[in-house]
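Those letters in the sequence shown? Residues 1 to 149, per UniProt numbering, in order.
Glycine is no exception: its CB is placed at the ideal position from the N, C-alpha and C atoms.
Notes follow once the structure below has been shown.
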Amino acid sequence: AACNSNPTPCKDPPDKLFTVHGLWPSNKIGRDPEYCKTRNRRKRAKTLEPQLGIIWPNVLDRTNHTGFWRRQWKKHGTCGYPTIQNENDYFETVIKMYITEKQNVSRILSNAKIEPDGQSRPLVDVENAIRNGTHNKKPKFKCQKNNGV
1 AACNSNPTPC
11 KDPPDKLFTV
21 HGLWPSNKIG
31 RDPEYCKTRN
41 RRKRAKTLEP
51 QLGIIWPNVL
61 DRTNHTGFWR
71 RQWKKHGTCG
81 YPTIQNENDY
91 FETVIKMYIT
101 EKQNVSRILS
111 NAKIEPDGQS
121 RPLVDVENAI
131 RNGTHNKKPK
141 FKCQKNNGV
């Protein structure tokens, strides 16, 4: 979706894998918070980068994952306090959700026969697949229009 809806096309064909697009703190009502004050300055451990490169790549520029992750932390991760304590905790949380807690959306959707193959599907099918794979956790969707679709 990011490759199809962005004015800057992806630099290489996307992997046949749904990847993390972001981890954002959310308000039930109103806009989601952005660019909050950093309370704990512990940086992301370099040892996390190989896993992040697979599950959360910068699909628009495969040569600059770290700049992309830095922007995600500053814009969204800083607003996760107190649940997210610092930058390292933010990225460990992404990895934990994707791998350890089996909130791997790629696997969940694949199990429901929903693949990243360009086919259109009813949103309810995607939501039901995610709910079935995450103990009925309701996903938050943010749809983007591409040529009016």
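Taking the alpha helix (DSSP H) that residue i falls in, what are its first and last residues?
| i | result |
| --- | --- |
| GLY53 | 49-55 |
Are residue i and residue j touching if we call contact CB-CB under 9 angstroms?
| i | j | result |
| --- | --- | --- |
| GLN72 | ARG39 | no |
| LEU123 | ILE95 | no |
| LYS43 | GLU92 | no |
| CYS79 | GLU127 | no |
| THR134 | ILE108 | yes |
| PRO7 | HIS76 | no |
| ALA2 | HIS21 | yes |
Rounded to whole angstroms, what is the Cα-Cα separation between residue i and residue j?
| i | j | result |
| --- | --- | --- |
| LEU60 | CYS10 | 4 angstroms |
| LYS28 | PRO139 | 12 angstroms |
| THR47 | ASN132 | 32 angstroms |
| PHE18 | SER110 | 9 angstroms |
| THR83 | THR63 | 31 angstroms |
| CYS36 | GLU49 | 24 angstroms |
| GLN103 | ARG41 | 27 angstroms |
Could you tell me whether any Cβ in chain C is nearer than 9 angstroms to the Cβ of residue i?
| i | result |
| --- | --- |
| ASN136 | No chain C is part of this structure, which consists of one protein chain only. |
Per the contact definition of three or more C-beta pairs closer than 8 angstroms, is the segment 53-71 in contact with the segment 111-121? no
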